[in-house]
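Working notes, beginning with the structure itself.
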Amino acid sequence: MYGLLLSNFSKYIIDKYGENTWEEIVQAANLKHFFFDTHQVYPGNVMSQLAKSTSKVVWVKETELMEEVGTHFIQFIGQFGYGELLASLGRQFNEFLKTLNNLHDYFKVSYPKIQSPSFYCDNEDGYGLHLHYRSKR
Numbered sequence: 164m165y166g167l168l169l170s171n172f173s174k175y176i177i178d179k180y181g182e183n184t185w186e187e188i189v190q191a192a193n194l195k196h197f198f199f200d201t202h203q204v205y206p207g208n209v210m211s212q213l214a215k216s217t218s219k220v221v222w223v224k225e226t227e228l229m230e231e232v233g234t235h236f237i238q239f240i241g242q243f244g245y246g247e248l249l250a251s252l253g254r255q256f257n258e259f260l261k262t263l264n265n266l267h268d269y270f271k272v273s274y275p276k277i278q279s280p281s282f283y284c285d286n287e288d289g290y291g292l293h294l295h296y297r298s299k300r
């Protein structure tokens with residue numbers, strides 16, 4: 164997993180709970196890193212260790228935490244110049260989902276070891292769509 168995702172996680176925690184809480188979470192997760200390099204690859208289990216530790220330290224459900232961290236990611240990557248790229252993926256949510264694989268292909272230039280998931284949609288109608296998600300992780 165690239166440090167970009169882990170940096171987002173740490174930024175979210177620091178913004179919401181403060182640096183002292185972030186340090187407590189990292190120690191509870193038995194990690195050596197307080198800061199993550201966005202282009203470095205880290206073991207795939209680091210995110211889950213951080214999520215479990217955060218859940219215990221700040222008393223939040225992991226599912227709620229990860230949803231909030233995911234929402235924060237959109238704002239976070241905007242500071243790296245990806246905001247316009249995201250906006251170009253579609254005006255409607257279904258258009259965005261249909262072009263999400265293109266975004267991951269674009270990231271392969273900056274993050275050559277990325278193991279991105281794949282998405283495709285079917286059964287779209289006025290009430291929704293069926294999203295298929297596949298990941299090697």
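The opening residue of the sequence shown carries number 164 in the working numbering; numbering runs sequentially from there. The C-beta atom is built at its ideal place from N, Cα and C for all residues, glycine as well.
DSSP three-state call for residue i: helix, strand or coil?
i      : result
Gly241 : helix
Phe256 : helix
Gly246 : helix
Leu194 : coil
Spatial neighbours of residue i within its chain, please: C-beta separation below 8 angstroms, excluding the five flanking residues on both sides.
i      : result
Lys174 : His235 and Phe239
Tyr296 : Pro280, Ser281 and Phe282
In whole angstroms, what is the alpha-carbon distance linking residue i and residue j?
i      : j      : result
Asn171 : Tyr269 : 19 angstroms
Glu182 : Val189 : 11 angstroms
Phe198 : Phe282 : 30 angstroms
Ala123 : Met229 : In this structure the chain extends from 164 to 300, so residue 123 is not present and cannot be described.
Val272 : Leu248 : 14 angstroms
Asp285 : Gln212 : 34 angstroms
Val220 : Asp288 : 42 angstroms
Gln278 : Leu263 : 14 angstroms
State buried or exposed for residue i, treating a residue as buried only when at least 16 other CB atoms are found within 10 Å of its CB.
i      : result
Thr217 : buried
Gly244 : exposed
Ile176 : buried
Gly166 : buried
Trp185 : buried
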